[in-house]
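Here the structure is laid out as structure tokens; the discussion comes afterwards.
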Amino acid sequence: MHPPNATSVIEESHAPDMGSLVLTRANLLNWLLLLLILVCPSAAVYSDEPNLSSSFLPHYEPDHGGAVGSSQDGRLHVFTVDYGYVQIPCEVTLWILLASLAKIGFHLYHRLPRLMPESCVLIVIGALVGAIIFGTDHKSPPVMNTSIYFLYLLPPIVLEEGYFMPTRPFFENFVSILWWSVLGSLLNSFGIGLSLYGVCQIEAFGLTDLNLLQNLLFGSMISAVDPVAALEVFEEASVNEQLYMMIFGESLLNDGITVVLYNIFIAFTQMHRYEEIESIDILAGFARFFVVGLGGVLFGIIFGFVSAFMTRFTHNISAIEPLLVFMFSYLSYLSAEILYISGILAMTACAVTMKKYVEENVSQNSYTTIKYFMKMLSSVSETLIFVFMGVSTVGKNHEWNWAFICFTLLFCLIWRALSVFALFYISNKFRTYPFTVKDQLIISYSGLRGASSFSLAFLLPVNLFPRKNLFITATLVVTYFTVFIQGITIGPLVRYLDVKKTNKKESINEEIHVRLMDHLKAGIEDICGHWSHYQLRDKFKKFDNKYLKKILIREHQPKSSIVSLYKKLEIKLAIEMAESGMISSTASTASLQSCRNRRVHRLSPAEVESMRDVLAHNLYQVRQRAPSYSRHNLPRDTNEKQAQEILIRRQHSLRQSCRKGNSLPWGGPASTMGVRCLSLPHGYCQPARRKARRVTFTDNYSSDSESVFPVTFRPQPRLRPLEVKHRQEELIPVARLDRLAGQSNLSGRRGNSVNRVDTLALMTKPRFTVGEVEEYESEEETEMMAPARPLAR
Amino acid sequence: MGSAHSLPAEMRALAEKTGFTSDQIEHLHRRFKQLSRDQLTIRKENFDSIPDLEFNPIRSKIVHAFFDKRNLRQESDGLADEIDFEDFLTIMSYFRPIETSMDEEQLERFRRDKLKFLFHMYDSDRDGKITLHEYRNVVEELLSGNPHLEKEAARSIADGAMMEAASICVGQMGPDQVYEGITFEDFLKMWQGIDIETKMHVRFLNMEPIGHCY
């Protein structure tokens, strides 16, 4: 047997586990060193520079400008330092870099991400930076004020959440999600606000100057959840889809709702005369809530369509496609804000609407760019917010009041649990998939607070809220508590409760069954005259296909998800084969060359062209489908090891097929697809431990009883559990023709199998890039393989 | 509208047998009358009068399922020519949502029944196995709404799916073993992780007798 390269590849992947400890230790050291290096200059920088006023613009006072070239004593200085000019960007960049380094270190050590969410790291870094700033008595740059937060820091986070939302599960659970997030936020805000107001009435705590409005406002602020950490945990534990969607949907809508409430309450507070708030104002408040909410969504949808329409025409300048996407989303946010409508909801709706059509239209590169850039922007925003949160922790703007803070914490937990159980009890009556108590427990426990509540607290106008510091402190305490304690314990809790897992495997069978079920349900509902949201979805799809897609998508070809999945699996295979064909070219290039020459001339250029076309076209259309969400990472598309695995299996079976059944009578025109006997260079291994399982499949054509024509399938076992993050456990065996009795002549069979052409079409026929077609010799046989006849298309 | 079907005793018997409430039975009865144009039985042609069903790719399979004697729990085999209200209800009962009052065993049986219904839809020649040919048929029908798709794409998809099924259901096989088709047990295995109870249900809660048969 040849030294198995594949096994060595696979064994190599074991190696990191053992050598990783050494590796990570070294890396950790490196990281620490780097961190120190970075921190020192920034500390030095902080302590060095004079106390500048915190302004944004480079402040070119006349004497300052003079000082660039000359010093106090009138000489020309060769080397001067002017830190003030770059202070703000420099510090911001340093913060971001620091946080990124921390993240790198965080992920290097394998066990850490399982223990705690990434937000913890960010907060720690922020606290560190804050400590430095505080220690050096430096005035931190004003990264956070109202306009900066709402105009620059918040939109990327919102956009990213909206864009990466998995649409189908979202809309399937839409009513539940809406019910839960809207009512949940309202219930939480009012509940916490009112209970705190009750507590404030007690004289002993010294809080009587907090009136009802302020408490309500605080309630709305503190009920803004940020469950990114919870989502990461869920994803890792592969919890069932409904649970995941509830939390996800809640986080999506919750931001918008709390900001709306926040603004309404601030508006109320600004109507100075508290006693004059009549019921008419309260009604107006309600109405405003709805107008703001729904108006935002409407805005977003309109902008989404416009932007999708624009991308239809960009095929010549694909470089501006990402620009269009981002600018239009941002514009939707801004124009909604002009009218005091919820920009967050507008942006979310825009992203959701736009995504489907934009994905079809833009080129693959643009699509990747959009994804990565979005993740990057939102990461940066979040980092800045968390760092700033850390900075203000170690600051002077605190007011500690035991009662307020403890009760806040208590009420947050209590009201969340209450709202979860109450609301889900009601919504379970209407759901076919009721949420169990376990699910509800998890949901109530995953109410982590984060950047949004802190920002809202920080941005309170001091003149209206003399006790702003108290609010900030309380918010910080709640955030720290939820992020650290709840964030760390929610993982074990999920595993302990053994929540129902999802079983999403990307298998063709499942896709077919689900499809069948969809149609079956729709049919039955038609028959019994029942109108449900299912048919709504059906009708929307029809409308979509008929009108929207024609307008918004470039060359529209209706696609089926089954076909997309199948093509995707095939394309992935093809790509991997192509890639590794280039990688493993170790041995016998000479024989390779000769084989190649002999082989390639069989295929006509036209066929090559057509195959390339088809491949490129399909590559363009296929996207990732599994729902997953992580603010800090994009899901990986292919795992290296998985690629190798598929490759090996494929290659093994193809080898068999090429060995035996080349002269295939492909007869009938319509049922053949181009098969190219793809084989790999000579040195590529056949791992000895792989046993081929042959499952022979009989296709009983009813007419001819004696012509039971066995076709052999070769599903290869997956002997190693693949560490694929997103459950892409497909099995792509390859059928090959087997002979009934030894070496019977295939062409002889041709006579009675001419009408079995479709059986023969069982050889699955992905279209491979031709460049990598090479022949190789099987190690078990010394005879040269008969070259595969190029099959007519 | 004859009152022959709405005797309370009969209703109770039907409710017993199929598990519907009397309200639901009444609704369905009205619908049945619409479909059958006030006759006592329905034939295949009556289903043609439902406009929306035209666009359903697996239309013929659904209609067949109504007349399939295996679904009607009759001893004989083959297709019935016409069905009456009781049969109609029997078929509809496969789509009842799960009730919280069910115990383990009932749930299991429920699930099995639904899967059996589905199995019969695939297995059109009624031999108890889903062969490649039948599977291909299903996939072709599913994708028939898409005019751009070549037939062999559908075929290769079906083949791929069959292979997957073989590997799931059978596991290790000897070199010359023949995989005949997916039996019901294999089918159950394939569906093990997926919860069919929540997918295969129709909410009979609020049904308005919409539409009139044209």
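Chains U and P supply the protein sequences, listed in that same order. The letter at position 400 of the first sequence is residue 400 when you use full-length UniProt numbering, and the numbering goes up by one with no holes. The letter at position 101 of the second sequence is residue 101 when you use full-length UniProt numbering, and the numbering goes up by one with no holes. The beta-carbon is built from N, C-alpha and C at its ideal position, and this holds for glycine as well.
Asked	Found
For Asp498 (chain U), the first and last residue of its enclosing alpha helix (DSSP H)	From DSSP, Asp498 (chain U) is part of no alpha helix (DSSP H); its letter is neither H nor E.
Alpha carbon of Arg111 (chain U) to alpha carbon of Pro117 (chain U), nearest angstrom	11 Å
Test: Ile130 (chain P) CB closer than 8 Å to a CB of chain B	The question asks about chain B, but that chain is absent: this structure's protein chains are U and P.
The segment 179–194 of chain U contacting the segment 248–258 of chain U, beta-carbon criterion three pairs below 8 Å	yes
Proximity of Ile157 (chain U) and Ser381 (chain U) at Cβ, strictly below 8 Å	yes
Close Cβ partners of Pro322 (chain U) (< 7 Å) along its chain, the five nearest in sequence each way excluded	Ser366, Thr369, Ile370 and Phe373
Residue nearest to Thr408 (chain U) in terms of C-alpha spacing, selected from U:Phe465, U:Ser223 and U:Lys541	U:Ser223
Environment of Val86 (chain U) [buried if 16+ CB atoms lie within 10 Å]	exposed
C-alpha distance - Thr473 (chain U) paired with Asn401 (chain U), whole-angstrom precision	9 Å
Extent of the continuous beta strand (DSSP E) run through Ile42 (chain P)	Thr41 to Arg43
Where Lys199 (chain P) meets chain U, residues with beta-carbon distance less than 7 Å	Met517
Expected contact under 8 Å - CB spacing of Phe454 (chain U) and Thr475 (chain U) to nearest Å	5 Å
Residue nearest to Ala204 (chain U) in terms of C-alpha spacing, selected from U:Phe404, U:Phe430 and U:Arg431	U:Phe404
Expected contact under 8 Å - CB spacing of Ala230 (chain U) and Ser446 (chain U) to nearest Å	4 Å
Backbone secondary structure at Asp439 (chain U) - three-state DSSP	helix
Residue range of the alpha helix (DSSP H) that includes Glu91 (chain U)	Gln87 to Leu108
Within chain U, the residues that Asn46 (chain P) reaches when beta carbons sit closer than 8 Å	Going along chain U, no residue has its Cβ under 8 Å from Asn46 (chain P), so there is no contact; the nearest lies around 10 Å.
Contacts of Glu250 (chain U) in chain P (Cβ-Cβ under 9 Å)	Correct list: empty, because the minimum Cβ distance to chain P is about 21 Å.
Those runs of the beta strand (DSSP E) which lie wholly inside the segment 73–160 of chain P and span at least 3 residues	82–84
Beta carbon proximity, Phe95 (chain P) to chain U, threshold 8 Å	yes
Euclidean distance between Cα positions of Met376 (chain U) and Ile301 (chain U)	25 Å
Per-residue burial, Pro57 (chain P) [other beta carbons within 10 Å of its own, 16 or more giving buried]	buried
Three-state secondary structure assigned by DSSP to Ile341 (chain U)	coil
Extent of the continuous alpha helix (DSSP H) to which Gly113 (chain U) belongs	A small correction: the amino acid at residue 113 (chain U) is Pro; Gly does not occupy that position in the sequence shown. That run of the alpha helix (DSSP H) goes Arg111 to Leu115.
Proximal residues to Met190 (chain P) (C-beta, below 8 Å), its chain only, five neighbours per side dropped	Ala165, Ile168, Cys169 and Ile182
Nearest-angstrom Cα separation, counted from Ile88 (chain U) out to Ala133 (chain U)	In the sequence as presented, Ala is not what sits at residue 133 (chain U); that position holds Ile. Whole-angstrom Cα-Cα distance: 14 Å.
Identity of the residue in U:Val121, U:Glu91 and U:Cys90 nearest Ile104 (chain U) by Cα	U:Val121
Cα-Cα separation between Pro8 (chain P) and Ile25 (chain P), rounded to whole angstroms	11 Å
Closer than 8 Å to chain P by CB, Asn509 (chain U)	yes
Neighbourhood of Ser76 (chain P) by C-beta distance below 7 Å, restricted to the same chain and skipping five residues each side	Lys69
8 Å Cβ cutoff met for Phe290 (chain U) and Leu213 (chain U)	no
Contacts that Met190 (chain P) makes with chain U (C-beta to C-beta distance below 7 Å)	Asn509
Cβ-based burial, residue 216 (chain P) [other Cβ within 10 Å; buried from 16]	This structure gives no information on residue 216 (chain P), because the portion of chain P shown stretches from 1 to 214.
Start-to-end residues for the alpha helix (DSSP H) that takes in Ala319 (chain U)	Taken as a continuous stretch (DSSP letters only), Ala319 (chain U) belongs to no alpha helix (DSSP H), as it is neither H nor E.
Contact under 8 Å by Cβ, Val297 (chain U) with Val325 (chain U)	no
Within 7 Å of chain U by C-beta, residues of the segment 9–28 of chain P in sequence order	Leu28
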